[in-house]
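Here the structure comes first, spelled out in structure tokens, and everything after it is commentary.
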Amino acid sequence: MVEDESTSILFDTGPDGSFMQNASAMGIDLSDVSAVVLSHGHYDHCGGVPWLPDNSRIICHPDIARERYAAMTFLGITRKIKKLSREVDYSRYRMMYTRDPLPIGENFIWSGEIPVVAPEAYGIFGGHDAEPDSILDEGVLIYQSAKGLVIITGCGHRGIANIVRHCQNITGIKRIYALVGGFHLRCASPFTMWRVRRFLQEHKPEKLCGCHCTGAWGRLWLPEITAPATGDVLRF
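Per the numbering used here, the very first residue in the sequence shown carries number 64; after that it's consecutive.
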């Protein structure tokens, strides 16, 4: 849940309806939120959509519902195909599909599609004979604070550097105050980790809050990262 004085946004739902129980425990009525923003189509980020109240306003990329899989390989041989998407009936909701940046209230922006010069595949579309999936539908939520940009990611599949540059370009704001969310570093190579670390040292975000797929490996390379957990409240 992300909010300021005038706008409230549910960013991703998780894999099931547990978020509804959490919201109830925190006294939050999700039928009153300004919007639900879905970062991308993996089940652990949008699998809980069926538990949302009818007529919820959902903002996401038009490719959100594509079937996606991960190929589990050993010695170059595919051993197992794991489904990463989940069938969701979006017809009950007020859907806003967009590849372009979209303002939400006064201070929030949905990033839209994040350009990547050389996208890295993470999984595949379809079954064994399928095209690589570079998670083109991934977007992030941007909060324009007085101290700089607060960038909230789901997984960071498109790359932290690409995400930051895109957010800077569409807002015209260069100062990065905070990066919050999944940074997709748990299986990153040492070279990738070195590049990410160097990029962050150049941009000097004041706060790095890495959770989800950031992983212990990411926190080892970036010891300045804090790891928020369910129930924590972050104020910017």
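Note that the Cβ used here is the ideal one computed from N, Cα and C, for glycine as well.
- If you draw a 10 Å sphere on the C-beta of F254, you find fewer than 16 other C-beta atoms in it, and that means exposed.
- Residue state for R120 is assigned as strand, using DSSP reduced to three classes.
- Counting C-beta pairs with one atom in each stretch, the region 197 to 215 and the region 146 to 160 have fewer than three that are closer than 8 Å, which means they do not touch.
- Taking C-beta separations shorter than 6 Å and ignoring five residues to either side along the sequence, the partners of S94 in its chain run P116, following chain order.
- Listed in chain order, the non-local C-beta contacts of H266 below 6 Å within the same chain comprise I239, local neighbours out to five positions each way being set aside.
- At the C-beta level, G111 and T161 stay beyond 8 Å of one another.
- In this structure, D126 places its C-beta atom within 8 Å of the C-beta atom of L199.
- Cα atoms of M83 and M64: separation of roughly 11 Å, rounded to the nearest angstrom.
- By DSSP's assignment, F171 forms a beta bridge with I167 and Y206.
- The alpha carbon of P113 has as its nearest neighbour, out of N85, E68 and P78, the alpha carbon of P78.
- Here A98 is not near I177, since their CB atoms are 8 Å or more apart.
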